[in-house]
Each structure stands twice: as structure tokens, then as C-alpha cells.
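Undergrad: Before I ask anything, here is the structure I am working with.
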Amino acid sequence: MDEQERKQQTTLLVVDDEPGIVEMLDEYFSGQGFRVLTASDGPTALKRAEQNPDLIVLDVGMPLMDGYAVCRRLREHLTCPIVFLTARVEDVDALEGFEAGADDYVLKPFSLAVLGARVRAHLARETRQQAKAEVRFDGDLAIDYRARTVTVAGAAVDFTRREFDIVAFLSKHAGQVFERERIHERVGGWESESDPQVVTEHIRRIRKKLAAAGAAPDPIETVWGMGYKWRA
0 MDEQERKQQT TLLVVDDEPG IVEMLDEYFS GQGFRVLTAS DGPTALKRAE QNPDLIVLDV
60 GMPLMDGYAV CRRLREHLTC PIVFLTARVE DVDALEGFEA GADDYVLKPF SLAVLGARVR
120 AHLARETRQQ AKAEVRFDGD LAIDYRARTV TVAGAAVDFT RREFDIVAFL SKHAGQVFER
180 ERIHERVGGW ESESDPQVVT EHIRRIRKKL AAAGAAPDPI ETVWGMGYKW RA
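Following numbering that gives the first Met the number 0, the numbering of the sequence shown begins with 0 at its first residue and continues without gaps.
Dropping the structure here:
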């Protein structure tokens, strides 16, 4: 694989609340041959991260959910390099960033050439052998499909194997409505549970556990006369 082909398979996530910076970095890194995802706030960054970027450029000084908070959430599931963009130069801020899980930081105003060199350096020495995570973020709720775990605000929700299978199936098809029989058919391995009506009971238990963990609103919606869907 040549250098250009490698870059085209490399995805960067750029997060900054300043549209001019996002546009500039998108244009620069796209021009370098990378695939670029963008976000202007923390919640959007978490959703974009579901696409498993190879490196994240993350602004610290964003309103509502700052870069430190975003980084901590990402680090619960992702291992890719995270480079902070910050206007703060105090040592305490740099330390806070590293404690949150950042790999590096670049001070604003920055040189595109310097930032580009930092990004390429991190990608070049990225030797983490773990498989990429496959994660969905819905507010405080996070589903890690590889680890088969569900957390709400960082706390694990104790699902049975069958309950997690239903959560995984519905959430991977968010917005689509599935009849109880269809869920029973698509989520295999029911063994002795051959009656599709057991799906209703499993969903009741899933909802109860999520509610007890503080997940709101209920991510599973009942579409009367049709079935169930995961809220998109």
C-alpha cells in the first residue's frame, strides 16, 4: 500500500466551536489525502466518534461540554491519539489535558505545518494493537459492541446475554421499527425461548435496568400496532 492509499484509509475527527478553524483544518487535511470528519460541539463529536477515527484533533475551550469532558468520555472506549488545541499555556492546563487522556496539545494560534507534523507523527508511531472499538453514544448512554457492555454516565448496566443482543440489534438499526417476531428472528440463539412473546418481557427488563441507571429518555420506543424501535 502506497502513502496515498494509506492516507485515504485514515480518518481524522476535527472538533472546534470556531467554524473558521474547522473549515481550515478540513480543507488542509483533506488536501493532504485524509478522510476528515468534523464537529462543532461535544455531543456531536461523540456521535462522529462512532465512525472510529484514527486520530482526533480536539479543541479545549468549547461551551457546554469542554474538550476535557469530551476526551474523558472518548477514553472510556477509544484508544486513538487525541491532540488538544488550546489557547491556555499554564502547566496546570496541560496536566489536566493529559490526565483526561490527551496524547499531545498544540497552542493557538498554531501553524498548519506544525499541527500537520504532529498529526503525522502520532499516526506513524501509533502501535496500539487493540481492535478498533465499535461504540454508539446516546447522551450519557454508551454501547460498546465489541466489549458487549452498556454504560450510563460511566456506570455499567448489568444486562444478560439476551438483553444485550436485543439492545445491540435495535441500536444498530436506530430509527427502524421491528415487529416482535422480527426481533425474535433476527436475534438468534433463543434456545428454549421459542415464543416471540418473550421479546416483550426482555424489552421490559431492559427498560427497567436503563431507567434505574438514570438513562433518559427511554431509548426504546414502542410503536403501537407495529413493534419497537431504537430512538435515532
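Beta carbons: idealized from backbone N, C-alpha and C, even for Gly.
Name the DSSP beta bridge partners of Arg-135, please?
TA: Ile-142
Undergrad: Less than 9 Å between the beta carbons of Asp-40 and Met-61, yes or no?
TA: yes
Undergrad: Among the residues of its own chain, which have a CB less than 8 Å from the CB of Ile-165, if the five just before and after it don't count?
TA: Ile-182, Val-186, Val-198, His-201, Ile-202 and Ile-205
Undergrad: Report the three-state DSSP secondary structure of Val-156 (helix, strand or coil).
TA: coil
Undergrad: Rounded to whole angstroms, how far is the Cβ of Glu-235 from the Cβ of Val-134, which I believe are closer than 8 Å?
TA: No information on residue 235 is available, as it lies outside the stretch 0 to 231 that the chain covers here.
Undergrad: I'd like to confirm the pairing. Which residues does DSSP put opposite Ile-205 in its beta bridges?
TA: In DSSP, Ile-205 forms no bridge with anything.
Undergrad: For Thr-9, which residues in the same chain have their Cβ closer than 6 Å to its Cβ, ignoring the five residues on either side in sequence?
TA: Phe-33 and Asp-53
Undergrad: Whole angstroms is fine: what's the gap from Asp-15's alpha carbon to Ile-142's?
TA: 25 Å
Undergrad: By Cβ distance below 7 Å, which residues in the same chain neighbour Glu-180 in space, the five residues on each side in sequence not counted?
TA: Around Glu-180: Pro-195.
Undergrad: Throw me the rounded Cβ distance for the Trp-229 and His-172 pair, which I believe falls under 8 Å.
TA: 7 Å
Undergrad: Looking at the structure shown, is Asp-103 part of a helix, part of a strand, or coil, going by DSSP?
TA: Three-state DSSP puts Asp-103 in a strand.
Undergrad: Only counting the same chain, and skipping five residues up and downstream in sequence, which positions put a Cβ closer than 6 Å to that of Glu-220?
TA: Lys-228 and Arg-230
Undergrad: Which partner residues does Thr-85 have in the DSSP bridge list?
TA: Leu-106
Undergrad: Quick check on Asp-25: does DSSP put it in helix, strand or coil?
TA: The answer is helix: DSSP assigns Asp-25 an H, G or I state.
Undergrad: Smallest Cα separation from Ala-38: which of Gly-115, Gly-30 and Gly-19?
TA: Comparing Cα-Cα distances from Ala-38 to each of Gly-115, Gly-30 and Gly-19, the minimum goes to Gly-19.
Undergrad: Mind checking Val-113: buried by the 16 CB within 10 Å criterion, or exposed?
TA: exposed
Undergrad: With a threshold of 8 Å on Cβ separation, who are the neighbours of Phe-158 within its own chain once the five nearest residues in sequence on each side are excluded?
TA: Val-149, Val-166, Ile-205 and Lys-208
Undergrad: Please report how far the alpha carbon of Val-21 lies from the alpha carbon of Leu-11, in whole angstroms.
TA: 12 Å
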